[in-house]
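So in our numbering, the last spot in the sequence shown is 328, and the numbers never skip. Cβ coordinates follow ideal geometry from the N, Cα and C atoms, glycine included. Please read the structure below before turning to the comments.
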Amino acid sequence: MRKILFIAPDLEYGGAAGQLTQLARGLHAQGVPVHLFIPGKVGPWGEELARAGVGLTVAGRGRILDLRPVVRLRELVRQYRPDVLHAWTTPALRWARVAGGSATVVATPYLRARPPRGLLQRLDAWLLRRTPRVLTLGEVDAQRCRRLGVSPERLSVAQPGIAPLPARPANPGRFIAALGPLEPRKGLHEAIWALDILRHLHADVRLVLAGEGTDRPRLEQYALAVTGPGVVQFPGAYAEPGEILAGAAALWVLGRSENGVRAALEGMSAGVPVVAYAWPRLAELIAEGQTGLLVPPGDKVALARATQHLLEDPALTRQLGETGQKQAAARFSLEGLVQHCRHIYG
-17 MRKILFIAPD LEYGGAAGQL TQLARGLHAQ GVPVHLFIPG KVGPWGEELA
33 RAGVGLTVAG RGRILDLRPV VRLRELVRQY RPDVLHAWTT PALRWARVAG
83 GSATVVATPY LRARPPRGLL QRLDAWLLRR TPRVLTLGEV DAQRCRRLGV
133 SPERLSVAQP GIAPLPARPA NPGRFIAALG PLEPRKGLHE AIWALDILRH
183 LHADVRLVLA GEGTDRPRLE QYALAVTGPG VVQFPGAYAE PGEILAGAAA
233 LWVLGRSENG VRAALEGMSA GVPVVAYAWP RLAELIAEGQ TGLLVPPGDK
283 VALARATQHL LEDPALTRQL GETGQKQAAA RFSLEGLVQH CRHIYG
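In structure tokens form, the structure reads like this:
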């Protein structure tokens, strides 16, 4: 059985880290030897991996030019002797480059829409072009890899994978959920604004912003000023999204850039209707009007209007939830991603 060493910058809240956590657990459950090397911070997913018995080394970055994490990685490679180094996101390729050993390198890049800018991004693109195997999660990233010059014979396309979540109750509550890091890039300020618009017609609707992040104090202050106490709730860090999504009337997947794939899949898997900004990665997942609703990025009025349709049309809500759940199980299963990776690893 080939031994896999994943390298990722961190395991904090975010779609890339969440996907890696589930993939590592899925491989481990099938008896594949898996270990993770994380030079940055680790959130609740680190505890989840530990409970599952997945090996985890957290190096902890120090000051600039601190070489101790590099030394620790090289020691881990010597001791663990992996057959495959899987770099999770393009910054992880820098770590794979200095890891030493003779393992085959696989990269899952999570590329941005715009061309590489700055020295580090151009370095990452150069490393990506020289990586033996590149595995993208979706065709959008595959197209970006091709534009960067990744050769077709090195490129493989899989779909992101999600483990099944408990279906929501037949009679959902009157709250909207949003999952992920509470950071400015997630567009949660716009979520509170859209909620205020929506509450002019549905005064009982609440918003649950689950997660932690640097923007939480500002969001709490803004929510209190706009909607009053208790309308927007902040339950904090979570490891199991099903606990947050249970009973939700809808899931908002917003953001000022392309993010939210993980949250959208979690909503679909739980049978919760997803209303998302129509960024390319999300439009690749969600069939408009069939498995969810898409609105123009940043359009708070369109977001409120789409959610209003769900609140006033239980049949549409049920249809989107059920169809999305079936699509998540058929097209975006964790088992499918695990098998694809095992094939890539050889």
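Asked: Report back the beta-carbon spacing between residue 218 and residue 240 to the nearest angstrom; my notes put them in contact at under 8 Å.; Found: Contact flag wrong, Cβ pair sits at about 26 Å.
Asked: Can you tell me which residues form a DSSP beta bridge with residue 216?; Found: None; residue 216 has no bridge partner.
Asked: What are the boundary residues of the alpha helix (DSSP H) that residue 27 is part of?; Found: 26 to 34
Asked: Over what stretch of residues does the beta strand (DSSP E) that includes residue 138 continue unbroken?; Found: 137 to 140
Asked: Within its chain, find whatever has a CB closer than 8 Å to the CB of residue 98; leave out the 5 residues flanking it on each side and keep chain order.; Found: 104, 106, 107 and 130
Asked: Put residue 204 into one of helix, strand or coil per three-state DSSP.; Found: helix
Asked: Excluding sequence positions up to five away, which residues of its chain have a Cβ less than 8 Å from the Cβ of residue 313?; Found: 141
Asked: What's the C-alpha gap between residue 119 and residue 93?; Found: 10 Å
Asked: Report yes if the C-beta distance between residue 264 and residue 243 is below 8 Å; otherwise report no.; Found: yes
Asked: Does residue 70 come out as helix, strand or coil in the three-state DSSP assignment?; Found: strand
Asked: Can you give me the Cβ contacts of residue 87 inside the same chain, cut-off strictly under 7 Å, excluding the 5 residues immediately before and after it?; Found: 67, 69, 78, 113 and 114
Asked: Could you tell me the boundaries of the beta strand (DSSP E) in which residue 113 lies?; Found: Per DSSP, residue 113 belongs to no beta strand (DSSP E) and is neither H nor E.
Asked: Which first and last residues belong to the beta strand (DSSP E) in which residue 235 is found?; Found: 232 to 235
Asked: Output the distance between the C-alpha atoms of residue 72 and residue 269, rounded to the nearest integer angstrom.; Found: 28 Å
Asked: Looking at C-beta atoms only, is the number of pairs between the segment -7 to 13 and the segment 25 to 37 that lie closer than 8 Å three or more?; Found: yes
Asked: What residues match up with residue 188 in a beta bridge as DSSP calls it?; Found: 157
Asked: In chain order, what residues of the same chain lie with their CB nearer than 6 Å to the CB of residue 4, ignoring the 5 residues before and after it?; Found: 145 and 316
Asked: In three-state terms, what does DSSP make of residue 239?; Found: coil
Asked: Which of the three DSSP states is assigned to residue 92 in this structure?; Found: coil
Asked: Roughly how many angstroms separate the alpha carbons of residue 238 and residue 177, rounded to a whole number?; Found: 17 Å
Asked: Candidates 37, 75, 60 and 20: which alpha carbon is nearest residue 51's?; Found: 20
Asked: I'd like the span of the beta strand (DSSP E) that includes residue -13, first residue to last.; Found: -14 to -11
Asked: Taking the CB atoms as reference points, tell me whether residue 191 and residue 160 lie closer together than 8 Å.; Found: yes
Asked: Output the residue ranges of the alpha helix (DSSP H) runs that lie fully inside the segment 243 to 289 and measure 4 residues or longer, sorted by chain position.; Found: 243 to 251 and 262 to 267
Asked: Give me the residue from 111, 2, 181 and 64 with the minimum Cα distance to residue 294.; Found: 181
Asked: Given residue 289, which residues of its chain have a CB within under 7 Å of its CB, disregarding the five upstream and five downstream residues?; Found: 158, 180, 232 and 257
Asked: Given a cut-off of 8 Å on the beta-carbon distance, is the pair residue 228 and residue 148 in contact?; Found: yes
Asked: Please look up how many angstroms separate the CB atoms of residue 259 and residue 283, rounded, as I've assumed it's under 8 Å.; Found: That belief does not hold up - the Cβ atoms of residue 259 and residue 283 are roughly 13 Å apart, past 8 Å.
Asked: To which residues does DSSP link residue 37 through a beta bridge?; Found: 17
Asked: Among 11, 123 and 15, which has the Cα closest to the Cα of residue -17?; Found: 15
Asked: Would residue 109 count as contacting chain C if we go by Cβ distances under 8 Å?; Found: Given the protein chain composition of this structure (a single chain), no chain C is represented.
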